[in-house]
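Residue numbers (the working numbering), protein chains in the order written: chain A, 856 to 957; chain L, 13 to 451.
All C-beta atoms in this analysis are idealised placements derived from N, C-alpha and C, irrespective of residue type, glycine included.
None of these values were measured; they are calculated from a predicted model.
A quick write-up on the structure given underneath.
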């Protein structure tokens, strides 16, 4: 069985449609996408192109528990869990998800 | 169950992926199933229960045939169904669709009880499933007959072979309601649209299910579902989720329910606050349920309880007795709040994961010296499975982690797989030398 790469350095690859490099939001989008892709790889899925308008639904192959894992990992990365307090935000697209951490 | 179809519940129907099945059509399906299953009358049989009208018709037929029925998940694979059926010493495993009943005969059956019964399989603390035997009387006892609700739509959000799903289906059919069953694997958005189109008025699900719906479905679609009652159960209903539901559905009655497979439905709370009123400890409920607290653990005696564990079902015990629930509670003023589980099981969105079983899977991987599986709190699923791994000398940690993920994908379900894997020098143990189960 082939080993999977868990190397963060390739993480920015595949982030489409983000703002120009160097802007803070683009950086957040890259870090969110990196974690998204790590979870995809651990779950044996292809790593999707993630643009601001990418809809986060079952077409990506992710289960709800994968999404829960992404949120836990994002908390480790950014130090916040936007789903843990008060009004819980609605997330339809990848852009919605990035906006919670930007 | 058969009496439900023959009773006065006009208007009852089941809307599954293949369309709507009316009560007369359900009766006709049940009659056909009864003829096909006749040789199994009075015997022990397993049923692969799908979220489909034909599966419920088969249950009604087997009730009429006085079978001891054991409910299997609809997606249980053939070999696993045969293995489980033989371990439970069943005569056959059945699977019904709209055109016929498939009967797979097994060897080594034990004698039937002679009376109609229904066993629900539940994972115990050891991970071995226990067969919890109910009578149709104990299953139907908590059902409220409310003729004024005839024709209302109920959404089935639980798997039908488990206690909660069966209760929703029975409650709906007894009330003459329309049971709306989403396609297996349907997205929250698709479920919300189906619920809106079917004008669903009653929906019952775990807190994790509700959070997922509110999180991932279009809010405009969700708020267009004409819900009158929202029921939350299966996992601890926390205040945050209750508040969120209250805001999302301001007009709906919000109920959280306490039930277990063994005890049946125990009590429900409709004041929108987490936990339950401490006064429930003082006297039996009108339903015949008594609660007390022993060493911080909720202990219950319930008139809705199982008859007993099945003799071949991996556990011993009778209904009608005081039963330790494993749920830890604390008193806060006039309120009892749930604070955790006595057992080690990890609850991922309402599905129980046995840490020992996950450790066995991890430790089958070359290079893993030791492992410790424990829950990691998750705002979305309640808990996720996390683990520490001690790597054997000479192995590259990153490769071992990758191999653990790859192996676990092949032997564990997605909710069982360790999600957060950390390499440590030595896994944490208690003074008694046991693995620490807390995070």
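Would you list the residues sitting across from residue i in a DSSP beta bridge?
i                      : result
residue 273 of chain L : Residue 273 of chain L is not bridged to any residue.
residue 330 of chain L : L:320
residue 434 of chain L : L:400
residue 948 of chain A : A:910
residue 467 of chain L : With chain L represented from 13 up to 451, any question about residue 467 of chain L goes unanswered, as that position is not in the structure.
residue 111 of chain L : Note: residue 111 of chain L sits in no beta bridge, so no partner.
residue 359 of chain L : L:364
residue 147 of chain L : Beta-bridge pairing links residue 147 of chain L to no other residue.
residue 166 of chain L : L:191, L:214
residue 201 of chain L : DSSP output for residue 201 of chain L lists no bridge partner at all.
residue 281 of chain L : L:268
residue 58 of chain L  : L:82, L:105
residue 28 of chain L  : L:31
residue 344 of chain L : L:347
Within its chain, find whatever has a CB closer than 8 Å to the CB of residue i; leave out the 5 residues flanking it on each side and keep chain order.
i                      : result
residue 201 of chain L : 228, 229, 230, 233
residue 947 of chain A : 910, 911
Quick check: the Cα distance between residue i and residue j, rounded to an integer number of angstroms?
i                      : j                      : result
residue 106 of chain L : residue 80 of chain L  : 12 Å
residue 364 of chain L : residue 944 of chain A : 27 Å
residue 389 of chain L : residue 395 of chain L : 4 Å
residue 122 of chain L : residue 439 of chain L : 45 Å
residue 351 of chain L : residue 429 of chain L : 25 Å
residue 24 of chain L  : residue 162 of chain L : 7 Å
residue 340 of chain L : residue 307 of chain L : 9 Å
residue 348 of chain L : residue 427 of chain L : 30 Å
residue 148 of chain L : residue 370 of chain L : 35 Å
residue 145 of chain L : residue 892 of chain A : 45 Å
residue 169 of chain L : residue 198 of chain L : 11 Å
residue 112 of chain L : residue 46 of chain L  : 11 Å
residue 136 of chain L : residue 310 of chain L : Bear in mind that the predicted position of residue 136 of chain L carries a pLDDT of just 49, short of 50, making it too unreliable to give a figure here.
residue 486 of chain L : residue 67 of chain L  : Because chain L here runs from 13 to 451, residue 486 of chain L falls outside it and cannot be looked at.
residue 133 of chain L : residue 908 of chain A : 43 Å
residue 129 of chain L : residue 75 of chain L  : 7 Å
residue 419 of chain L : residue 375 of chain L : 10 Å
residue 270 of chain L : residue 337 of chain L : 11 Å
residue 84 of chain L  : residue 952 of chain A : 38 Å
residue 18 of chain L  : residue 345 of chain L : 48 Å
residue 50 of chain L  : residue 39 of chain L  : 16 Å
residue 44 of chain L  : residue 206 of chain L : 30 Å
residue 179 of chain L : residue 243 of chain L : 12 Å
residue 903 of chain A : residue 915 of chain A : 7 Å
I'd like the list of long-range same chain contacts for residue i, defined as Cβ closer than 6 Å, with 5 residues on each side in sequence excluded.
i                      : result
residue 62 of chain L  : 86
residue 284 of chain L : 254, 258, 266
residue 876 of chain A : Because residue 876 of chain A carries a pLDDT of 49, less than 50, the predicted location of this residue cannot be relied on, and no value is offered for it.
residue 97 of chain L  : 58, 105, 118
residue 432 of chain L : 388, 398
residue 32 of chain L  : 25
residue 281 of chain L : 268, 288
residue 110 of chain L : 66
residue 204 of chain L : 229, 233, 234
residue 898 of chain A : 921
residue 957 of chain A : 880, 883
residue 224 of chain L : 200
residue 300 of chain L : 315
Go through its chain and collect everything with a Cβ distance to residue i's Cβ below 7 Å, but skip five positions before and after it.
i                      : result
residue 165 of chain L : 189, 190, 192, 210, 211, 212, 213
residue 954 of chain A : none
residue 29 of chain L  : 195
residue 330 of chain L : 320
residue 942 of chain A : none
residue 138 of chain L : With a pLDDT of only 47 at residue 138 of chain L, under 50, the local geometry of the prediction cannot be trusted, and the value read off the model is given with reservation. For residue 138 of chain L, where only same-chain residues beyond five positions count, there are no Cβ hits under 7 Å.
residue 125 of chain L : 80
residue 856 of chain A : At residue 856 of chain A, the pLDDT of 32 sits below 50, so the modelled position is not reliable and the matter cannot be decided from this model.
residue 274 of chain L : 144, 317, 318, 335
Are residue i and residue j touching if we call contact CB-CB under 7 Å?
i                      : j                      : result
residue 264 of chain L : residue 219 of chain L : no
residue 423 of chain L : residue 379 of chain L : no
residue 305 of chain L : residue 335 of chain L : no
residue 82 of chain L  : residue 100 of chain L : yes
residue 930 of chain A : residue 936 of chain A : yes
residue 226 of chain L : residue 176 of chain L : no
residue 277 of chain L : residue 237 of chain L : no
residue 53 of chain L  : residue 14 of chain L  : no
residue 400 of chain L : residue 377 of chain L : no
residue 185 of chain L : residue 215 of chain L : no
residue 886 of chain A : residue 932 of chain A : yes
Using 8 Å as the threshold, is the region 289 to 305 of chain L in touch with the region 238 to 249 of chain L, meaning 3 or more CB pairs across them?
Output reads no: the region 238 to 249 of chain L does not touch the region 289 to 305 of chain L.
Is there contact here, the region 342 to 362 of chain L with the region 404 to 411 of chain L, by at least three beta-carbon pairs under 8 Å?
no
I want to know whether the region 358 to 376 of chain L touches the region 314 to 326 of chain L - three or more CB-CB distances under 8 Å.
no
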